[in-house]
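Novice:
Numbering (the numbering used here), first residue to last: 4 to 352.
1) Kindly indicate the opening and closing residues of the alpha helix (DSSP H) around residue 184.
2) Give the DSSP-derived three-state secondary structure of residue 257 in the structure shown.
3) Below 8 Å on the Cβ atoms is my guess for residue 60 versus residue 230; work out the distance and round it to an integer in Å.
4) Just how far apart, CA to CA, sit residue 70 and residue 342?
5) Helix, strand or coil: how does DSSP classify residue 330 here?
6) Can you find a C-beta in chain D that's less than 7 Å from the C-beta of residue 48?
7) Out of 63, 46, 118, which has the shortest C-alpha to C-alpha gap to residue 78?
8) Ordered along the chain, which non-local residues of its own chain (more than five positions away) have a Cβ less than 7 Å from that of residue 337?
9) Please go through the same chain and pick out, in chain order, the residues whose beta-carbon is closer than 7 Å to the beta-carbon of residue 265, but skip the five residues on each side of it.
10) In its own chain, which residues sit with a C-beta less than 6 Å from the C-beta of residue 269, not counting the 5 before and 5 after it?
11) State the Cα-Cα distance for the pair residue 167 and residue 247, rounded to the nearest angstrom.
12) State the start and end residues of the unbroken alpha helix (DSSP H) segment that holds residue 90.
13) Residue 235 and residue 169 look like a contact to me (Cβ under 8 Å); what is the Cβ gap, rounded to whole Å?
14) Which full runs of the alpha helix (DSSP H) of 4+ residues lie inside the region 102 to 174, going along the chain?
15) Give the C-beta separation of residue 34 and residue 276 to the nearest angstrom, bearing in mind that I take them to be a contact with Cβ-Cβ under 8 Å.
16) Over the uninterrupted beta strand (DSSP E) stretch that includes residue 303, give me the two end residues.
17) Among the candidates 306, 179, 330, whose CA atom is the shortest distance from the CA of residue 25?
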C-alpha cells in the first residue's frame with residue numbers, strides 16, 4: 004500500500020517535470036493538442052466508469068460536460084465581458100453581479116463538477132431503473148434537452164450566440180493534473196469492494212443482487228461520480244478554447260467519447276487513457292489528408308471531410324482485428340512496470 008502511494012507520487016512528480024519541459028520546449032500547437040488529449044482522458048475515463056465498468060449504456064456525457072462548461076464560463080467571465088456579451092438580453096441576477104478572480108479557478112471547476120453531478124443525480128433516480136437500450140434513449144433525450152435549453156435560456160446561456168471572451172485559464176498544468184488524479188481515483192475505486200460490486204452488476208445483475216449488492220445505489224453513485232468528472236472536463240474545455248456555445252456539446256461529443264472507450268476496451272481505464280491521447284493526436288494528424296498535394300506532375304486538390312473518411316476506415320479495421328478493444332479489460336499496474344525494469348536489468352547483466 005505504502006509502496007503504491009510512493010510510486011504514485013513519484014509518477015506524478017515525473018509527469019510535472021514532463022509538463023514543465025513541454026511548456027518550455029514545445030510550440031503552442033502541440034501544447035494545445037496535449038491539453039485536448041488530457042481533457043479527453045478526464046471525460047473518457049469518467050464515461051468508462053458507467054459504461055464499461057458498470058455496464059450501463061448511457062449516452063449523456065455531453066450534457067454533463069455542457070453543464071460544467073457553462074457553469075465555469077459564467078463564474079469566470081469578467082463583469083465587463085458579461086455586459087458586452089449579453090446584448091440581446093441581460094444576464095440574470097446574481098450572475099451579473101460577480102465574477103471569480105483567477106485564483107478561484109479551481110473552485111469554479113469543482114462547482115461545475117458538483118452541478119453536473121447534481122443533475123446526474125436528478126436524471127439518474129428515474130432512469131437508472133431502466134436497462135440497455137431504454138437507458139440509452141433516456142440519457143440521449145436528457146442530452147438533447149440540455150442543448151435545447153442552452154439555445155433558449157438566453158438570459159443565462161446567451162442562446163445560440165454562446166459566451167465568448169472567457170479567460171484562457173486552462174493550461175497543461177491543470178489538464179495533466181486533472182487527468183492524472185482522475186485516473187488515480189477511478190482506478191482505485193474500481194479496485195475497491197465498491198468497484199467489484201460495479202463489475203458484478205455489469206456481468207450479471209440478478210446474480211449481483213442475489214449476493215447482496217444494492218443495484219440502484221451502486222449504479223447511481225457511479226453515475227453521479229461520472230457526471231462530476233464530465234462537468235470538470237467541460238469546464239477545462241471552455242476555458243481552453245475561451246468560448247462556449249450549444250454546438251460545442253452536441254451528441255458528437257458523446258460519440259467521440261464512445262469511440263474512445265470502445266476502442267480502448269470497455270472497462271479498461273488504461274485503454275481509455277491511451278486511446279484518448281491517440282484520438283486527440285490522430286484527429287490533428289489526419290488534417291494533412293485534406294490538404295492539396297503534388298506528386299510529380301500530378302496535383303491532387305484537398306477534399307474537405309476526407310479526414311473523417313480515413314478516420315472511419317481506421318476505426319473499422321481496428322474493430323475487425325480488436326473486437327474487445329485494444330486493451331480488452333486489461334490494466335497496466337505498477338507491478339507490470341516494475342517487472343519490465345527487472346527484465347531489462349537481467350538482460351543487461
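The beta carbon of each residue, even a glycine, is placed where N, CA and C say it ideally should be.
Just so we're clear, the structure is a prediction, and the values are computed from it rather than from any experiment.
Specialist: Put simply:
1) Here residue 184 is taken as the residue at index 181 of the chain shown, counted from 1. Note, residue 184: alpha helix (DSSP H), 175 to 194.
2) Translated into positions along the chain shown, residue 257 becomes position 254. Residue 257 falls in the helix class under three-state DSSP.
3) Taking the first residue of the chain shown as position 1, residue 60 is located at position 57. Taking the first residue of the chain shown as position 1, residue 230 is located at position 227. Contact doesn't hold; Cβ gap of about 16 Å is too wide.
4) By 1-based counting over the chain shown, the position of residue 70 is 67. By 1-based counting over the chain shown, the position of residue 342 is 339. Residue 70 and residue 342: Cα-Cα distance of roughly 43 Å.
5) As a working mapping, residue 330 is identified with position 327 in the chain shown. In the structure shown, residue 330 sits in coil (DSSP, three-state: anything other than H, G, I, E or B).
6) Going by chain labels, chain D is absent from the structure shown, which holds only one protein chain.
7) Position 75 of the chain shown, counted from the first residue, corresponds to residue 78. Measuring from the Cα of residue 78, the nearest candidate turns out to be 118.
8) To locate residue 337, count along the chain shown from 1; it is residue 334. Within the same chain, residue 337 has close Cβ partners 7, 10.
9) Walking along the chain shown from the start, residue 265 turns up at place 262. Excluding residues within five positions, the ones whose Cβ falls inside 7 Å are 328.
10) Counting from one through the chain shown, the residue named residue 269 turns up at place 266. Counting only Cβ-Cβ distances below 6 Å, and skipping sequence neighbours, we find 55.
11) To locate residue 167, count along the chain shown from 1; it is residue 164. To locate residue 247, count along the chain shown from 1; it is residue 244. Distance between the alpha carbons of residue 167 and residue 247 is about 7 Å.
12) Residue mapping note: residue 90 aligns to position 87 of the chain shown, counting from 1. Here residue 90 belongs to no alpha helix (DSSP H), and DSSP marks it neither H nor E.
13) Taking the first residue of the chain shown as 1, we reach residue 235 at position 232. Taking the first residue of the chain shown as 1, we reach residue 169 at position 166. No, residue 235 and residue 169 are not in contact; Cβ-Cβ is about 16 Å, not under 8 Å.
14) 108 to 130, 135 to 155, 157 to 160
15) Locating residue 34 in the chain shown gives position 31, where the first residue counts as 1. Locating residue 276 in the chain shown gives position 273, where the first residue counts as 1. The pair is not a contact, with the Cβ atoms about 19 Å apart (cut-off 8 Å).
16) On the chain shown, residue 303 is found 300 positions in, with the first residue counted as 1. Counting along the chain, the beta strand (DSSP E) containing residue 303 begins and ends at 301 to 303.
17) On the chain shown, residue 25 is found 22 positions in, with the first residue counted as 1. Checking every option, the nearest Cα to that of residue 25 belongs to 179.
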